[in-house]
Structures are given as C-alpha cells and as structure tokens.
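>
Protein chains in written order, with the working numbering: chain A, 2 to 128; chain B, 5 to 530; chain C, 55 to 399; chain D, 114 to 857.
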C-alpha cells in the first residue's frame with residue numbers, strides 16, 4: 002500500500018488508490034495502526050454509551066462500536082487478502098441499519114410518553 | 005448452496021408461515037384474524053416435521069440441527085398458547101362491540117405472532133450456523149423481534165421501560181460480540197467455523213493460540229453472555245422480565261438463551277476441548293474465563309433471587325442461575341466421546357435447555373393466568389398466596405414446575421441437572437461441581453418460597469386476584485406441568501437424541517488448507 | 055502461557071500511560087455544567103492517541119513499511135470525530151460528527167483498498183442512516199423555551215459518571231490493544247485470494263472479452279481454439295505477471311482442459327491489456343455470492359422484520375380511552391368553529 | 114370364549130409386536146427365563162393413562178356432562194377385560210415378561226453393580242395377576258359408582274376427580290406390574306400423589322386439606338424406608354430387577370460374593386422395606402393418616418384407602434418374600450408378624466368406640482391390613498394374599514354402602530343419628546349389601562372373609578415359635594381381634610341399618626355446592642339456603658341405578674369370593690396364584706416339618722370352629738348391646754331408638770377406658786406432643802437461625818455487590834440503564850483482566 006502510495010503523487014493519490022493494481026499484503030505494523038484506531042473507536046463508543054443520557058446519542062455510540070468492528074474486519078481482510086471481511090461488513094451495515102430503524106422508532110415512542118430523551122427517566126423497575 | 009438449502013427447510017417453512025400470518029392478520033374479520041395463532045401452530049408443527057429428517061454432514065457439530073430445531077419447535081408450540089392474545093385484547097373487544105372499527109394500521113396481534121415466528125426462525129438459523137456471518141445475522145434475527153415484543157407486550161410504561169433497557173443493552177451486547185467475531189476472523193482469516201477451528205488447531209499445535217484469537221473469543225463469549233443473561237451481562241434480566249408480559253418473559257428465558265448457548269457451544273467447539281495439561285479442556289484463558297463467569301453467574305443469580313419479592317424477578321434471577329449451571333456443561337465439554345449422556349457436557353446442556361424451556365413455560369403461564377383487579381398479571385409473591393385454595397390446578401402446575409427447576413428427583417429438571425453434574429465430574433471439574441451443588445441448595449430458598457406461598461400461606465385479604473381472561477394460558481401451564489412429569493417416560497430417548505446431537509467433529513489442522521488447491525491452478529506455469 | 059508483555063511492538067509503558075492520558079482527556083472533554091474544559095480534554099486525548107500511533111510507528115524500528123500520511127489524517131479525523139460525537143452536548147452536532155467519523159472511516163477503507171465498501175459506507179451510513187437520525191432528533195427534541203432555542207436539555211448537558219465510564223473504557227482499550235498488538239507479529243496470513251488472477255480466473259467472460267480479440271488478431275490463437283475453462287469450476291488459467299493464458303481446442307472443450315490438452319500461450323507484454331485485472335468489487339461480489347448466498351437471504355429477512363418492527367413501534371399505541379377523548383375534543387372544536395371564529399383554535 | 118378372544122387379540126396385535134416390539138421382546142427373553150407376553154398387556158396400565166389425558170382435555174373444554182366418568186369406566190373396563198384375558202391366556206406357572214422401553218440406564222463402570230438399569234417393563238406372575246384382577250375390576254366398578262356419587266360436582270371437579278382416579282389406576286398398575294423395584298417405586302409415589310390429591314379433593318375444607326397433608330407427610334417417612342431399602346438392595350445385590358434379584362438371593366451370596374446370611378443387610382433391607390410397607394399400609398404408628406383419609410370422597414376411600422392402595426405394602430412384602438426368608442433369624446418376619454397383630458388389635462379397640470361409621474370402616478381397614486401382615490409374617494402368604502383379595506371386595510362393599518348412606522343423608526355418618534335404613538324407601542339394596550359385607554368382615558362361616566382370616570390365624574398356630582418368635586401368641590391376639598371385629602361390625606349394622614326409623618341430615622360434606630346438590634336430584638326439597646331448616650324439609654334419597662348396580666355386583670363378588678377357596682390344589686385359587694409367584698413359601702423347608710397342634714388338633718381344621726365361635730360371639734354381643742327389638746336384633750336386642758342402647762351404661766361405667774378409646778387412645782395428641790411440638794420448637798429455633806444467620810448471610814451476600822459498587826454509590830439494581838451498562842462494561846473489563854493475566 003505504502004509502496005503504491007510512494008509511487009503516486011499526493012494529488013492524484015486517492016483516485017489512484019481506488020483504481021490501483023491489486024493490493025499486496027499489509028505489513029503487521031500497518032495492521033497494528035488500523036487495529037489501534039478500531040479499538041480506540043470501540044472504546045470511545047463504549048464510553049459514550051456509558052456517559053451520554055440522550056437515547057439517540059447512546060444509540061449513535063453503538064453505531065460507532067459497529068463501525069469499529071467494521072474497520073477491524075476490513076483491515077484484517079486486507080491483511081489476509083480475502084473478501085470475507087468485506088462481506089462481513091456488508092452484513093454489519095445491514096444489521097446496523099435494521100437496528101437503527103427499530104431503535105429510532107422506539108425512541109419516538111418513548112419520547113411521546115415522556116416528552117424527553119433522557120434514558121435515566123426510565124428507572125421504575127428496580128430490585 | 006442446495007445442500008445448505010435443504011438444511012434450512014424448517015426455517016423456510018417458518019418464514020413462509022410468518023408471511024402468511026402477517027397477511028392474514030390484516031383481515032378486518034376478527035374470526036379470520038384469530039386464525040393467526042392456529043396458522044402459527046401449524047407452521048411450527050410443519051417446521052418440526054421438516055426438522056426431523058434434516059441431517060448435517062459438515063461443521064463442528066454435524067448433527068445438532070435436528071435436535072435443536074425439534075426442541076425449538078416444541079418449546080415454541082408450548083409458548084404459543086401463552087403468548088396468544090397478549091396484545092390487543094381491548095381493541096378486539098372494542099371492535100366486536102362496535103365501539104371501534106378495524107384499522108389495519110392499528111392491528112398488533114398478527115405482528116406479535118410474526119415477531120415470535122421471526123425470532124424462532126432466527127433461533128433455528130442459529131442452530132444451523134456454520135459461519136460467523138451467518139451466526140451473527142441469526143443471533144440478531146433472534147433478538148431484534150424480542151425487543152419489540154417486550155416493548156409492546158403491555159400497554160403500561162413498564163413494558164416500555166423494559167423494552168428500552170433490553171434494546172439498548174442488547175445493542176451494546178451485540179456490538180461487543182460483533183467485535184469479538186471481527187477479531188476471530190482476524191486471527192484465523194476465515195469466517196467458516198470449521199476452517200476457524202482448523203486454523204486455531206494449527207496455531208495451538210504451533211505453540212499456542214494467537215492472542216488476537218483469544219481476545220476475539222473472550223470478547224465474543226462475553227458479548228454472548230448477554231443473550232444467556234450471564235454475569236456480567238445479566239443486569240437487564242430482572243427488570244426486563246418484570247416489565248414484560250409474563251408470556252414474553254417466558255419466551256425471553258428460552259429463546260435468546262438457547263441462541264446464546266448454541267453460539268457459545270459453536271465458538272467453544274472452534275477451539276475445542278482438547279487443550280490444557282491433560283488435553284481434555286478448553287484453552288486456558290477461555291477455560292478460566294468461562295469458569296469465572298459460570299461461578300459468578302450461579303452465585304449472583306441465586307443470591308440476588310433470594311432478596312426479591314416479585315415472582316418474575318425471582319424467575320429472572322433463577323434464569324441467570326440456570327445459565328451458570330449450563331455453562332458448567334459447556335466447560336465440561338463433549339467428554340471422552342464414549343457416547344453416553346452422563347459424561348457429555350454438551351449433551352447435558354442441550355437436554356437442559358429443553359427441560360428448562362418446557363418447565364419455564366409453566367411457571368410464567370401460571371403468573372399469566374392470574375390477574376390482579378387492575379388487570380395486570382400477577383407478579384408479586386403476595387399475588388400467588390393461597391393459590392392452592394382458589395385455583396388448585398395452577399398451584400399444582402406451579403409446584404411441579406418449581407420443583408423441576410429446583411431439580412427434584414422424579415421430575416424432568418432432575419435429569420438435566422444430573423447430566424450437568426456427572427459430566428462435570430467426569431471432566432474432573434470438582435470445584436465447579438461443588439459450586440454447582442452449593443448453588444442448587446441456595447436455589448431451594450426461593451423456589452420453595454414460591455411453592456410455600458402457593459400452598460401453605462393463606463391468601464392476603466387485601467390482595468385480590470382473579471382468573472385471567474385467556475384460558476389458553478391455563479392450558480399452557482397445565483401442559484408444561486404435565487410435560488414435566490410425562491416427558492420422564494421419554495427422557496431416556498431425549499437424552500440419547502441429545503447425545504447424538506452433541507456429536508463433535510474435533511478440528512484438525514489439515515482442514516485449513518483446502519482453499520489453496522484451487523489457486524494452484526492459476527499459477528499455471530510456475 | 056509463556057507470553058511476555060515486553061513483546062509488544064510498542065513500549066507497553068507508553069501504551070498504558072497513553073491510555074490513562076486518554077481517559078483523563080475524555081473525562082475533561084465530557085459535557086458538564088459550568089466551566090467546560092472540553093478543548094483541553096480534546097487536546098489531551100489527541101495527544102494520547104498520537105502517542106500510541108507514534109509509538110507504534112517509531113517503536114518498531116525494524117525497517118518495516120509505515121502507513122501512508124493519509125492514514126494519519128483519516129485516523130485523526132475518525133477518532134476526533136468520534137470523541138467529539140460522544141462529548142458534544144447537542145445531538146445534532148453529535149450526529150454530524152458521526153458523519154465525519156464515517157467519512158474518515160471510508161477513507162481508511164480506501165487505504166485498505168476496499169473501495170466498494172468505502173463508498174457503500176458513505177452512502178448507507180452518512181447518506182441514509184444518519185439522515186434518519188437527524189430526522190428523529192428534529193422530531194424528538196424540543197427547545198426548553200421559546201426564548202432560548204439553543205439551550206440544552208439537562209440530560210444532554212451533563213454526563214453520567216464520566217470518570218468511571220472513561221476508566222472502564224480505557225482499561226478495556228488497554229487490555230484489547232495489549233492482546234491485539236501482541237498477536238499481530240505471529241498472525242498467520244491466510245490468503246484466500248493473493249492476486250488479481252485469482253479473481254480473473256473466476257471471471258472467464260472478462261478474460262475472454264479482453265484477450266480473445268488480441269490473441270486472434272496476433273495469431274496467438276487459432277480460430278478453432280478458445281481460452282480454456284475448467285469443466286468443473288469454469289475457471290480460466292491466467293497469469294498476468296508472466297502474461298500467459300491457457301487456450302484449448304474447441305473440440306475438446308467439453309472435457310476438463312489441463313496443461314496437457316490445452317496450450318499455454320505467452321502474450322507479449324506490450325500486447326497484454328493494461329486494464330485486465332481483478333478489481334475489489336468483482337472480488338467482493340464473487341465472495342458474497344459464492345460464499346454467503348444464503349446469508350444474504352437472512353439479511354433480507356432481518357430487514358423485513360426491522361421494517362415491520364419499526365412500523366409497529368413508531369405508530370401511535372392504541373389507547374381507546376384517549377381516542378374517545380380526542381374524538382370528543384374534535385367535536386367540541388367543531389362546535390366552537392361553528393359558534394364563532396374564536397373557537398377555531 | 115375368553116381363550117378364543119385372547120387368541121384373536123394376539124393375532125391382531127402380533128403384527129405390531131413383530132414390527133415394533135420384536136427385538137426388544139427377544140432381548141427380554143434372552144435376559145431372563147419366562148415367557149414374553151403379547152404387546153397388548155402394555156395397554157392395561159396405558160389405558161388409564163389415556164383416560165388421564167382424555168379427562169384433562171375434557172377439563173380444558175370445561176365439559177359439564179358425565180362424559181369423564183363414562184370415558185374412565187369404559188377404559189377401565191377394557192383394562193379389566195385385558196387383565197382377564199391375560200389371566201386366561203396365562204399358562205399358570207411361568208412369569209410373563211414384557212419390556213416396553215428402556216427407562217433408566219445409568220452406568221458408571223463395567224463391573225456388576227455399576228449399572229443401574231430399569232426398563233419400563235412388566236412382570237406378570239400369579240401375585241401381580243391376582244392384584245391386577247381386583248385393582249382393575251374394582252376400579253371399574255367404583256368408577257361407575259362414582260359417576261353417580263360425584264354428580265353434584267359435574268364440571269371441573271368431576272374431571273379433576275376422574276383424572277386423579279385414572280392416574281391412580283395407572284400408578285397402581287405400574288406398582289403391581291412393574292418388573293423392577295424402580296417401577297414399583299414410580300407407582301408407589303404415583304399412588305401416594307393420587308391419594309394426596311383425592312383426600313384433599315374437597316380442598317375448601319380445611320380438615321380435608323390437612324388430612325391430605327398428613328397422609329403425604331406420614332407416607333414420606335415410610336417412603337424413606339423404602340428408598341433406603343431399595344438403595345441397599347442395589348448395593349447388596351447389584352440389581353433391582355425381580356428375576357435377577359431373586360436369582361441372586363437364591364444363590365445365597367451377595368453380588369460381591371459374601372454369603373448372604375453373614376451380612377447385616379440380610380435383616381436391614383427387609384426391615385427398611387417393611388418400614389415403607391407399613392407407611393403405605395398404615396400399620397403400627399404409621400396408621401394415623403388412614404382414618405383422616407376418610408375425608409376424601411367415599412369412592413376414593415373404598416378404592417384407594419380400603420381395597421387397593423393400602424394393600425401395596427402387603428404386595429411389597431409378599432413380592433419380596435425371598436428376601437425376608439433369606440434371613441435365617443427371621444427378624445424382619447417377626448417384626449412384620451407382631452406389627453400386624455398389634456395393629457390389628459389396637460385399631461379394633463379404637464373401632465369399637467367410634468361413632469362415625471366411615472371412620473369405623475377406616476379403623477377396620479387398618480385392623481384387617483394388620484391381619485394380612487401377620488399372615489405374611491407367619492409364612493401364611495396364601496392366607497395373607499387371599500385375605501387381600503376377599504377384603505378388597507367386602508371392604509369396598511362396606512365403604513360404598515356407607516357412601517350410599519352418606520349420599521342419601523347429606524353427609525350424615527354419625528350412627529347415633531341414623532337408624533332403621535331397612536325401613537326407608539330405596540335403601541334395601543344398600544342394607545343387603547351392607548349385611549353381606551358385615552358378614553364377611555366379621556368372619557361369618559362360609560363367607561370369603563371367614564376362609565381367608567382362618568388361614569392366617571391357623572397358620573399363626575402352625576408356625577413354631579422357634580421360627581417366628583411368639584407366633585402362637587400373635588394367633589391368640591388375632592383371634593381376640595376377630596371377635597372384636599365381629600362386634601364393631603355388627604354394632605354398625607344393628608344401629609344404623611335396622612330398627613326404628615330415625616334420621617337427621619348431616620352437615621353435607623359437599624356444603625360448597627349445596628345448591629347444585631339439591632338441584633341435581635330434582636327433589637327440590639331438603640336443601641334451602643338456610644341450613645337451619647334443612648332438617649325439617651329433609652327427605653333422604655335412595656341411591657339410583659349406578660350405585661345399586663355396583664353394590665349388587667360387589668355383593669355377588671363377595672359371595673363368590675368364598676368359592677375361590679375351593680378351587681385348585683394349593684389351598685384354593687389364591688394358593689395357586691401365590692404358588693406361581695415369588696411369594697411362595699416352602700413351609701416345610703422353613704419350619705422343619707414340625708407341625709404344632711392347637712387343642713390337640715391340626716390348627717387348620719379346628720380353626721374353622723374356634724373362629725366361628727369368636728365371630729358368633731361378637732355378633733351376639735353386638736346384637737345384645739345395640740340390636741333393635743325383634744328379629745332384626747336377633748331377638749336379644751333391646752334398642753328402641755337410635756341413641757338408646759344397652760352399651761351406654763356400660764360405657765359410662767368404663768368411662769376412662771371408653772373415653773380413651775373414643776379419643777383413639779390419644780395417639781394423635783401423643784404424636785402432637787412428642788413429634789409435632791418438638792418440631793415446632795425446632796422450627797422456631799430454625800426460624801431464628803434463619804433470621805439471624807441465614808438472613809445475615811443472605812444480607813451479606815446481597816451486600817457484597819453493593820460494596821463493590823460503593824465507589825459509584827449505588828446498589829446494583831438501580832433500575833437506571835446507565836448503571837447497568839456501566840456495570841456490564843466494568844464486568845467485561847474485570848473478566849478480560851483475568852484473561853490477560855492468564856495469558857501473560
């Protein structure tokens with residue numbers, strides 16, 4: 002990849018990338034970089050889910066976690082040079098869309114009841 | 005493609021039934037809409053029939069599908085009368101009496117059946133999973149409908165609160181096990197479970213599992229703990245069970261749990277039970293992980309159950325505890341392969357899932373059959389006091405089911421628990437067996453409390469309960485209770501089936517190489 | 055297991071310090087009432103992330119190729135967008151920052167030569183899902199008062215236990231990265247397809263279209279010959295590096311061509327079509343339809359289910375009493391409208 | 114005719130055997146000697162089980178008609194006919210085996226005694242056939258009786274009754290027909306459950322619920338003995354299957370090869386089994402539950418608590434006879450003898466002083482069960498088993514007659530308030546049936562009861578004291594009891610069934626459905642809502658056709674059962690049946706051929722006269738004390754009203770004794786003092802223990818997770834979504850820390 006990038010100028014870089022020759026294997030070092038970004042996104046998603054009280058943002062955070070998994074899948078797929086990872090991401094997107102549709106419908110329902118998006122308002126059931 | 009298609013006939017039938025139910029449910033004629041339950045039952049029966057001849061030739065657990073799908077179909081059939089009429093009774097009554105007109109946009113019942121069937125479809129798909137992607141989608145298809153069923157199961161805000169907790173925490177859990185799946189793919193380079201198993205085998209033969217794989221398995225297993233309500237992902241259980249209608253709670257105790265256990269068994273199968281010093285256990289980190297989770301789950305579930313005053317919460321925590329028991333079976337693994345039920349942990353888990361599912365229907369059905377004056381289902385333990393005097397058959401059903409959950413000897417639950425005990429003993433898991441025994445004893449506290457309330461305590465004067473409006477639920481309760489007793493006669497057969505179903509194809513490293521052969525062609529003249 | 059934490063490609067101390075620093079940064083960046091040191095927090099978190107990335111890049115020092123500069127840009131955008139998303143008190147901005155993360159992620163996908171997924175991501179996520187989010191945010195947010203439209207809701211303005219949450223999150227990150235970084239060096243590669251030829255082999259039509267005219271025009275292949283396809287798999291034998299392809303006699307085409315029955319043709323380099331290569335989209339399509347055909351069906355079922363679910367959830371829950379009240383109210387309003395102009399409201 | 118029917122059924126069903134049961138059946142043949150029975154034998158227990166299912170279904174449809182009864186009676190009748198066919202088709206000596214499926218198969222090693230296998234299999238020898246004949250026959254008849262008796266409860270109650278009724282027959286069949294001790298145990302617990310359910314049938318009556326509970330608890334104590342006995346049997350002999358077990362005992366060695374007579378198990382197992390048998394059959398101090406069990410509907414008392422279930426203990430001891438005989442010291446047999454004899458006497462003394470006719474029958478049942486055990490103990494298995502058979506008929510007759518009275522007089526059972534039924538319209542059949550039953554019970558010459566009882570008492574004198582310690586003393590005790598039996602039996606008869614017409618309606622045990630009761634009979638009088646006026650308007654109603662038919666059939670059965678004594682070679686028909694079973698005792702081998710004499714005569718011959726004297730004496734005494742004036746009082750009676758009897762002054766004179774007897778010797782109170790009170794004290798102690806220690810522990814454990822979340826300042830189940838999520842993630846972090854620590 003970097004070898005490719007080294008050949009191309011910075012300007013035409015992105016387009017060249019998209020139409021470039023078939024990729025070569027990813028180095029483990031580069032893989033580490035992507036994995037770190039993925040793990041950090043995952044952690045950020047979790048932290049956001051734990052701290053934000055707005056139902057919509059909470060669900061956005063799970064989307065961020067899905068996104069982190071997607072990035073890991075693509076990076077691993079590139080490392081192994083097979084397409085299972087990318088296929089997986091397609092399905093992850095499918096599920097994310099399905100979950101989002103239902104979650105947002107639920108949020109609308111809850112908002113109608115309480116006129117608020119605060120998750121902590123829903124705390125009547127407890128031990 | 006076609007061989008896999010043959011594998012999923014039950015699911016296809018269920019999905020077709022779902023579509024039929026959705027369409028039929030839009031009829032303005034109440035009598036036609038009432039057919040939905042019967043159509044669902046018919047679809048389930050056909051699915052069970054279609055599951056019987058299914059035989060799987062590949063994968064880690066080649067013959068798990070007929071048993072699992074049969075079990076799912078049977079318990080689904082028992083859940084059906086319990087779920088029937090959970091929503092929209094008022095609307096139907098209003099339409100019948102002319103106070104309201106039918107509007108397809110407001111009909112709920114058919115969708116409710118449809119969600120139930122969707123969920124069972126997902127559950128059956130989980131059983132036929134041989135691929136991580138497939139597994140992920142099947143698990144989601146199992147869970148997503150249950151989120152909605154919980155939310156709309158009653159009119160009150162409690163079920164909506166249960167719904168939001170269940171949905172959001174469920175999404176968190178899903179994201180977590182998805183990340184685990186991604187890492188497993190990363191560690192092995194494939195999503196096919198058999199190839200994953202082969203790759204892990206090759207790694208462990210070459211000097212130990214890759215830590216990415218370990219991390220992936222660990223994260224995925226913890227994420228799946230949400231589905232089975234195991235520590236630390238059990239938090240939602242009590243609130244959700246309490247907030248949802250009893251029928252839906254019964255479903256939650258079986259459907260996601262079964263899906264979770266099937267997935268856990270498959271993931272554990274991917275690393276195999278042939279590691280460790282004596283080559284008869286899971287790889288050390290996974291083993292310790294499951295061990296800690298199992299022990300913590302048992303204790304947490306049982307101890308927290310003692311403090312509750314709501315029967316539904318007690319049953320929720322008991323459901324948590326039962327997950328802990330079953331994890332013991334997972335840890336014990338398929339055993340030495342002698343083919344007997346008593347040293348095969350996986351068979352024990354599969355059998356236990358069936359007994360638990362059957363029994364569980366009864367306990368929740370009893371609760372669903374009793375109404376408080378304000379129209380809510382019975383929940384608090386005070387509501388079932390003196391049940392023996394007023395509704396003895398319900399009290400009897402409750403007693404039988406509770407005793408079976410407790411593992412009283414002549415009842416069905418006993419054999420499930422004995423299977424777990426003996427398989428764990430033969431796997432040498434003595435400390436875990438002690439924890440299991442200890443917890444079975446603790447469980448007696450709250451189970452007997454329920455039985456005592458129903459049988460020995462007089463009804464509270466100020467707590468008035470009356471018969472619920474839906475007779476099918478009583479039927480479900482009695483059905484479940486009699487199953488607890490009558491299935492004993494075929495218990496031996498079921499155990500043998502579960503042994504067959506748990507047949508495990510231990511992976512070998514050579515399997516990993518198959519994709520390369522085709523590629524050799526392309527290096528035409530190297 | 056006899057693994058050592060010192061085997062990490064990054065100094066573990068640096069990693070953990072960076073994680074702790076990141077936690078502190080996130081805690082500071084969280085929305086709170088009163089003085090909000092969000093910028094400081096963001097900077098600290100960015101420094102922490104930078105420390106790890108730099109540590110990774112420089113720490114190895116084994117002369118391995120490092121990621122391109124685009125990676126650093128996109129990674130910064132993605133993580134920064136994520137951080138801002140979870141810390142910005144206004145839901146609309148949070149959603150917009152999420153779009154930023156998505157776009158940066160799609161850039162990372164591009165760098166990983168997953169072009170199709172990169173564009174699909176933008177279309178599906180940034181284009182569809184987030185728009186839905188924005189709709190719902192608009193639908194479900196009310197300004198606390200008419201005067202102050204920008205005022206925040208209480209629950210948006212304050213975070214829920216930021217310290218504990220950040221600690222838990224970053225412990226998780228530290229644990230995950232430890233295991234991930236430790237695993238990568240001895241991660242076995244498992245190439246499903248290690249060259250574009252593998253894709254081309256499964257796309258005989260594309261090879262035919264590109265090569266047959268050239269082969270025929272240059273007399274490299276007779277009229278009664280054609281590019282050989284394997285009888286069982288339908289694949290062609292092609293090697294773009296050596297510019298060779300297997301052709302066979304049309305008469306024996308019914309049988310499985312082998313290197314004996316076929317004829318290996320070497321095409322001069324200048325004649326070899328420059329655009330003949332397997333692309334990402336083709337590879338993905340082959341994988342999707344070849345390996346996971348049934349899974350697509352399941353995805354369809356899930357989507358159908360989700361559509362039904364969203365419909366059931368989002369419509370107004372039936373409440374007969376409320377409905378009766380509403381009808382009554384409508385009647386009253388109607389009466390009022392007849393009575394006088396004041397009643398129309 | 115019967116034989117040809119059997120052949121036809123065989124022909125029909127043999128195809129099924131060939132297809133399905135063939136292999137299993139052959140395996141069974143290979144495993145043990147004997148003949149393999151046709152598959153339809155399996156229908157005998159399964160038809161009642163089908164009845165349970167059908168009746169439950171009817172309950173689900175809220176059926177209000179008598180359909181449950183007709184289904185039950187029909188299925189039971191078929192079941193009885195099948196039993197009859199099985200009997201007729203039986204070759205008279207070999208046991209019939211039939212294995213339906215493997216039920217339990219535990220194996221923890223390859224050695225002998227490390228496999229616990231039990232098939233759902235049947236074992237038909239003389240003993241089980243004899244039992245099954247009267248179990249299914251009586252169940253069918255009593256079901257018919259109940260169809261009328263329970264009609265006031267039509268609906269759910271009716272279904273409940275018949276479901277439990279059918280379940281009882283199924284369980285009893287498993288108990289009797291099972292080919293191993295585990296099957297027996299399954300049936301044993303099943304009949305116990307049904308008994309509990311049916312005693313507590315009138316669950317709105319506290320006394321009924323309490324009685325059910327009492328029966329359950331007392332039976333559990335006995336069952337513990339049975340269970341321990343079974344476990345010991347298994348550890349000692351390595352099998353629970355009858356054939357294998359008896360073969361092993363026959364070798365005189367345990368499974369481990371130790372000579373049996375040198376082990377402690379040889380007396381411990383029979384004693385433990387005896388505990389179980391005594392519990393189920395209400396012997397010795399276990400008897401307390403049976404009188405209270407009369408709270409159940411009368412058909413239940415007749416079938417379960419008189420004729421069939423309570424004889425399960427007798428069956429167990431008879432079935433396990435080889436085990437009892439294996440002990441050269443006969444410790445357990447002596448215990449059985451004396452336990453039976455003492456119970457027989459003891460409960461007869463109580464019966465003498467009671468006024469509730471159904472309870473008298475209850476105590477009489479205990480007493481007669483004592484006879485059966487004593488018979489088994491003194492090696493008169495034939496006598497004991499024959500007595501089981503005759504007793505089943507006459508006691509069922511007696512109970513059902515009492516039930517008819519109770520049915521007609523709104524639950525009146527007090528003999529002081531009833532008199533002269535003979536003269537009340539519609540009760541003739543009842544009185545005649547009662548008379549026949551009473552004659553049997555009191556051992557009137559040439560009745561079935563006379564022969565069966567004589568066999569027992571005579572054998573007590575025959576069996577030398579060296580074999581069974583004090584067996585002749587037990588014989589005298591039994592003779593005395595026979596006289597008392599005749600007395601209290603005819604006390605009932607003379608007071609209630611003959612003499613001047615006096616009656617008061619009872620409290621109506623079915624008080625909860627008063628109204629239906631009145632309506633159902635269409636009398637329209639007698640049961641107003643205000644019960645005070647009930648007596649004025651009350652008219653007894655005689656039984657209708659079903660009850661009369663059943664009483665007639667049973668009376669005929671009582672009379673015919675006497676004839677069985679003259680059938681066959683081995684001391685009558687019962688002897689023949691016992692001879693073809695494990696209960697057979699080679700008395701010569703055991704007693705060493707020495708023949709004891711009674712008054713210089715062989716006891717078996719002289720006993721006919723002695724016991725006749727005792728029986729007549731008892732009847733005459735009863736006539737003198739309780740008989741009405743005239744022929745009905747055998748001309749010596751002097752009673753003119755219901756209450757005025759010659760016994761009263763004597764009872765007054767003997768006040769302490771009679772009071773004690775009336776109060777059942779204060780046994781219940783004694784138990785209360787000795788057992789219940791300490792238990793209550795213990796319960797209180799445990800309650801405090803529970804409060805302080807257990808609750809403390811519980812609170813401690815409940816607090817532990819809270820402590821761990823103190824840093825956040827909330828308890829675990831706060832109900833707040835975020836707290837849950839935080840705990841979940843923290844949990845994940847902790848678990849991953851563990852994983853990382855294991856890894857590195």
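For each residue, glycine too, the CB sits at the ideal point set by N, CA and C.
According to DSSP, which residues form a beta bridge with residue 527 (chain D)?
Position 414 of the fourth chain, counted from the start, is the residue given in the question as residue 527 (chain D). Its beta-bridge partners are D:469.
> Which term fits residue 19 (chain B), buried or exposed, when burial requires 16 or more other beta carbons within 10 angstroms of its beta carbon?
Here the question's residue 19 (chain B) lines up with position 15 in the second chain. Flag for residue 19 (chain B) reads buried.
> Got a sec, what are the start and stop residues for the beta strand (DSSP E) residue 108 (chain D) sits in?
Given a span of 114 to 857 for chain D in the structure shown, any question on residue 108 (chain D) remains unanswerable.
> Under 8 Å between the Cβ atoms of residue 320 (chain B) and residue 242 (chain B)?
Locating residue 320 (chain B) in the second chain gives position 316, where the first residue counts as 1. Locating residue 242 (chain B) in the second chain gives position 238, where the first residue counts as 1. Going by C-beta atoms, residue 320 (chain B) is nearer than 8 Å to residue 242 (chain B).
> What are the start and end residues of the alpha helix (DSSP H) that includes residue 100 (chain A)?
Taking the first chain and counting its residues from 1, one reaches residue 100 (chain A) at position 99. Note, residue 100 (chain A): alpha helix (DSSP H), 85-115.
> State the beta-bridge partners of residue 279 (chain C) as determined by DSSP.
Mapped onto the third chain, residue 279 (chain C) falls at position 225. DSSP lists C:303 as partners of residue 279 (chain C).
> Does residue 192 (chain C) pass the burial test, meaning 16 or more other C-beta atoms within 10 Å, or should it be called exposed?
Residue numbering aside, residue 192 (chain C) sits at position 138 when the third chain is read from its first letter. Residue 192 (chain C) should be labelled exposed.
> Given that residue 835 (chain D) touches chain C, what residues does it touch there, using C-beta distances under 9 Å?
For the purposes of this step, residue 835 (chain D) is taken as the residue at position 722 of the fourth chain. The answer, in chain order, is 214, 215 and 219.
> Can you tell me whether residue 451 (chain D) is buried or exposed? The criterion is at least 16 other CB atoms within 10 Å of its CB, across all chains shown.
Residue mapping note: residue 451 (chain D) aligns to position 338 of the fourth chain, counting from 1. Classification of residue 451 (chain D): buried, given that the 10 Å Cβ count is 16 or more.
> In three-state terms, what does DSSP make of residue 96 (chain B)?
In the second chain, residue 96 (chain B) corresponds to position 92, counting from 1. Helix, per DSSP.
> Using a Cβ-Cβ cut-off of 8 Å, state whether residue 47 (chain A) counts as contacting chain D.
Counting from 1 along the first chain, the entry for residue 47 (chain A) is found at position 46. It does: the Cβ of residue 47 (chain A) has a partner Cβ on chain D nearer than 8 Å.
> Between which two residues does the alpha helix (DSSP H) carrying residue 205 (chain B) extend?
Counted from its first residue, the second chain places residue 205 (chain B) at position 201. Looking at the DSSP string, the run of the alpha helix (DSSP H) that includes residue 205 (chain B) is 197-209.
> Given that residue 137 (chain B) touches chain C, what residues does it touch there, using C-beta distances under 7 Å?
Position 133 of the second chain, counted from the first residue, corresponds to residue 137 (chain B). Going along chain C in sequence order, the residues near residue 137 (chain B) (Cβ under 7 Å) are 346 and 349.
> For residue 408 (chain D), report the span of its beta strand (DSSP E) as first-last.
On the fourth chain, position 295 is the one that residue 408 (chain D) refers to. Counting along the chain, residue 408 (chain D) falls outside any beta strand (DSSP E), and DSSP gives it neither H nor E.
> For residue 377 (chain D), which of helix, strand or coil comes out of DSSP?
In the fourth chain, counting from the first residue as 1, residue 377 (chain D) sits at position 264. Correct three-state label for residue 377 (chain D): coil.
> Mapping the DSSP letters down to three states, classify residue 437 (chain D) as helix, strand or coil.
Indexing the fourth chain from 1 puts residue 437 (chain D) at position 324. Reduced to three states, the DSSP call for residue 437 (chain D) is helix.
> Which residues bound the beta strand (DSSP E) around residue 317 (chain C)?
Here residue 317 (chain C) is taken as the residue at index 263 of the third chain, counted from 1. Residue 317 (chain C) -> beta strand (DSSP E) spans 317-320.
> Do residue 695 (chain D) and residue 240 (chain D) have their C-beta atoms within less than 8 Å of each other?
On the fourth chain, position 582 is the one that residue 695 (chain D) refers to. On the fourth chain, position 127 is the one that residue 240 (chain D) refers to. Contact: yes.
> Rounding to the nearest angstrom, what Cα-Cα distance links residue 156 (chain B) and residue 256 (chain D) in this structure?
As a position in the second chain, residue 156 (chain B) is number 152, starting the count at 1. As a position in the fourth chain, residue 256 (chain D) is number 143, starting the count at 1. Those two C-alpha atoms are separated by around 49 Å.
> Interface residues of chain B around residue 859 (chain D) at Cβ under 9 Å?
Since the first and last residues shown for chain D are 114 and 857, residue 859 (chain D) lies out of range.
> For residue 20 (chain B), does the three-state DSSP call read helix, strand or coil?
Residue mapping note: residue 20 (chain B) aligns to position 16 of the second chain, counting from 1. Three-state DSSP puts residue 20 (chain B) in a helix.
> Beta carbons nearer than 7 Å to chain D: which residues of the segment 226-242 of chain C have them?
Against chain D - using a Cβ distance shorter than 7 Å - the residues of the segment 226-242 of chain C are 226, 229, 232 and 233.
> Roughly how many angstroms separate the alpha carbons of residue 427 (chain D) and residue 651 (chain D), rounded to a whole number?
On the fourth chain, residue 427 (chain D) is found 314 positions in, with the first residue counted as 1. On the fourth chain, residue 651 (chain D) is found 538 positions in, with the first residue counted as 1. Their backbone Cα atoms lie some 43 Å apart in a straight line.
> So which residues on chain A does residue 155 (chain C) lean against when the C-beta distance must stay under 8 Å?
Locating residue 155 (chain C) in the third chain gives position 101, counting from the first residue. Residues of chain A passing the Cβ test: 42, 65 and 68.
> Return the CA-CA distance between residue 174 (chain B) and residue 215 (chain C), expressed in angstroms with no decimal places.
Counting from one through the second chain, the residue named residue 174 (chain B) turns up at place 170. Counting from one through the third chain, the residue named residue 215 (chain C) turns up at place 161. For residue 174 (chain B) and residue 215 (chain C), the distance between alpha carbons rounds to 21 Å.
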